[in-house]
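Heads up, the thing below is written out as structure tokens.
Number of protein chains: 2
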Amino acid sequence: MKAPVEFWFDFVSPYAYIAAQSIEQLAARHGREVSWKPMLLGAVFKVTGSSPLTMRPPQMADYFKHDFLRSARYAGVPFVLPELFPIATQNTSRVCLWLQDAAPQRIGEFVRQVTRAYFSGPAALNDADWLAAQIAAMGLDGAAAAAACEDTHYKQALKAQCEQAIVKGIFGAPWIIVDSESFWGNDRLPQVEHWLAQGGF
Amino acid sequence: MKAPVEFWFDFVSPYAYIAAQSIEQLAARHGREVSWKPMLLGAVFKVTGSSPLTMRPPQMADYFKHDFLRSARYAGVPFVLPELFPIATQNTSRVCLWLQDAAPQRIGEFVRQVTRAYFSGPAALNDADWLAAQIAAMGLDGAAAAAACEDTHYKQALKAQCEQAIVKGIFGAPWIIVDSESFWGNDRLPQVEHWLAQGGF
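Printed below as a string of structure tokens:
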């Protein structure tokens, strides 16, 4: 089995949301699995002085708000910019890391489900009770997931993962690593696919 | 005849260079011509506080230098990052505006030729004599082109075009406008093509 495709992301990133809907199928076409790597863009942005796209100067923010929608339509996924955007996603990320222990084969499903909920209607993406309900709806232990939000172990694990992202030079999301090749952005998926198909180019 | 596809660019932009190689063929597949719109990113960047990609923090600059090359390979065009990069391109832009009067049907050829020269080997992209030689090699009036570099008329025309870019909310290159829909980046060409094919999406 070849190394999994690493998918580094923040649950609040619209472009990561779009890419997350298809990355497992893309990887599977080339005999690869996906290793989901939640991180916090807030931590990563500090290194380069970046800021959320909707908080850039008006002409940039306006363009991105329009491009989120258009890129979602192009990919065939629903998109409504949430009223509360961006938000911190540490609890969602901790639940994702908890899933890595509790039911690793369900992570992709969880990521797609909660990001779709957040980006297509009101959803309390980072609320522990809401997350517990999402996990319970998957037939898993919602209470344990909610507990993970306050668990020092998962707090540390998320912190360590953000530090690892910084060490790897990651400065945005989604960030896709194939073997040691880094691709930034939903718009690099065609290159990712070509790379997987050709073994590099 | 439908309105031409507007291609706003700076001659020094690597992603504009890559997109410029195929934009006329792309537009032609949908019965459109290309209206070439040279501008200076230096003027446009002032509005949003942007900076050249290679002058960003090291992890970003390194990523982009790598991505220029990879995106060029992906598109099948040669690419070497010039030793002098980025440079001001006001003379090249003025010659381009002069061509709009002298031989408008040759602009695409000029853009592709001089960007390929700059991005595949040493070339004095913004030097009036070098530009004159490029124009002469096209069978056109090299001396007149060189004179355009110092001509108040073309200086004003370029300034006006940069101001128009700012009014349109353009903050990067390449910037492609189909009817009134704006697409930023070489990586949006698939969306541009889909938009042209579908009449919007």
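Note that the protein sequences, when read in sequence, are chains A and B. Mapping to the numbering used here: the first sequence position 105 is 105, numbers consecutive. Mapping to the numbering used here: the second sequence position 59 is 59, numbers consecutive. Ideal Cβ positions, reconstructed from N, Cα and C, are used throughout, including at glycine.
Given a cut-off of 8 Å, decide if residue j and residue i are closer than it, judged by their beta-carbon atoms.
i: leucine 125 of chain A; j: isoleucine 87 of chain A; result: yes
i: phenylalanine 119 of chain A; j: valine 80 of chain A; result: yes
i: tryptophan 184 of chain B; j: tyrosine 154 of chain A; result: no
i: cysteine 162 of chain B; j: methionine 60 of chain B; result: no
i: valine 34 of chain B; j: threonine 89 of chain B; result: no
i: arginine 112 of chain A; j: methionine 138 of chain A; result: no
Cα separation between residue i and residue j?
i: alanine 207 of chain B; j: phenylalanine 68 of chain A; result: As displayed, chain B neither begins before 1 nor continues past 201, which places residue 207 of chain B out of reach and without an answer.
i: tryptophan 36 of chain A; j: proline 122 of chain B; result: 43 Å
i: alanine 132 of chain A; j: alanine 157 of chain A; result: 19 Å
i: valine 44 of chain B; j: serine 182 of chain B; result: 16 Å
i: phenylalanine 110 of chain A; j: glutamine 134 of chain A; result: 8 Å
i: glutamine 164 of chain A; j: proline 14 of chain A; result: 22 Å
i: proline 58 of chain B; j: methionine 1 of chain B; result: 47 Å
i: glycine 49 of chain B; j: leucine 41 of chain B; result: 11 Å
i: alanine 212 of chain B; j: glycine 200 of chain B; result: Nothing about residue 212 of chain B can be read from this structure; chain B reaches only from 1 to 201.
i: lysine 65 of chain B; j: alanine 136 of chain A; result: 45 Å
i: threonine 54 of chain A; j: aspartate 10 of chain A; result: 15 Å
i: glutamine 25 of chain B; j: alanine 197 of chain B; result: 13 Å
i: alanine 148 of chain B; j: tryptophan 98 of chain B; result: 6 Å
i: alanine 16 of chain A; j: alanine 72 of chain A; result: 11 Å
i: isoleucine 152 of chain A; j: leucine 84 of chain B; result: Residue 152 of chain A is actually threonine in this sequence, not isoleucine. When rounded, the distance between both Cα atoms is 51 Å.
i: valine 77 of chain B; j: glycine 142 of chain A; result: 52 Å
i: lysine 168 of chain B; j: valine 178 of chain B; result: 13 Å
i: lysine 159 of chain A; j: alanine 117 of chain A; result: 25 Å
i: arginine 29 of chain A; j: arginine 56 of chain A; result: 37 Å
i: proline 82 of chain A; j: valine 192 of chain A; result: 29 Å
Where does residue i sit, in a helix, a strand or coil, going by DSSP?
i: proline 38 of chain B; result: strand
i: phenylalanine 171 of chain B; result: coil
i: glutamate 150 of chain A; result: coil
i: glutamate 109 of chain B; result: helix
i: isoleucine 87 of chain A; result: coil
i: arginine 32 of chain B; result: coil
i: aspartate 62 of chain A; result: helix
i: phenylalanine 45 of chain A; result: helix
i: phenylalanine 68 of chain A; result: helix
i: alanine 123 of chain B; result: coil
i: alanine 137 of chain A; result: helix
i: valine 77 of chain A; result: coil
i: serine 50 of chain A; result: coil
i: glycine 142 of chain B; result: helix
i: alanine 3 of chain B; result: coil
i: arginine 56 of chain A; result: coil
i: serine 93 of chain B; result: helix
With distances taken from CA atoms, which of the options is nearest residue i?
i: glycine 31 of chain B; options: B:Ala3, B:Val77, B:Lys155 and B:Pro190; result: B:Ala3
i: lysine 46 of chain B; options: B:Asn186, B:Gln105 and B:Ile170; result: B:Ile170
i: aspartate 187 of chain B; options: B:Gln90, B:Ser180 and B:Ala75; result: B:Ala75
i: tryptophan 8 of chain B; options: B:His194, B:Gln198 and B:Ile176; result: B:Ile176
i: asparagine 129 of chain B; options: B:Glu163, B:Thr92, B:Gly139 and B:Met60; result: The question names asparagine, but residue 129 of chain B is aspartate in the sequence shown. Looking at the Cα atoms, B:Thr92 is the closest of the given residues.
i: alanine 20 of chain B; options: B:Val192, B:Glu193, B:Gly172 and B:Thr115; result: B:Thr115
i: proline 190 of chain A; options: A:Ile23, A:Arg70 and A:Arg112; result: A:Ile23
i: serine 51 of chain A; options: A:Ala173, A:Gly108 and A:Phe201; result: A:Ala173
i: alanine 103 of chain B; options: B:Lys168, B:Glu150, B:Asp10 and B:Ala144; result: B:Ala144
i: isoleucine 18 of chain A; options: A:Arg29, A:Gly108 and A:Cys149; result: A:Gly108
i: glutamate 6 of chain B; options: B:Asp127, B:Ser180 and B:Ala117; result: B:Ser180
i: tryptophan 195 of chain B; options: A:Ala16, A:Glu83, A:Arg70 and A:Val178; result: A:Arg70
i: aspartate 127 of chain B; options: B:Glu150, B:Asp141 and B:Leu140; result: B:Glu150
i: glutamine 100 of chain A; options: A:Val77, A:Pro82 and A:Leu140; result: A:Leu140
Per DSSP, which residues does residue i bridge with? Please list them.
i: tryptophan 8 of chain A; result: A:Lys37 and A:Trp175
i: glutamate 24 of chain A; result: Answer is none; glutamate 24 of chain A lacks a bridge partner.
i: glutamate 181 of chain B; result: B:Val178
Give me the chain C residues within the contact set of residue i, using Cβ-Cβ distance strictly less than 7 Å, ordered along the chain.
i: methionine 60 of chain B; result: No chain C is present in this structure, whose protein chains are A and B.
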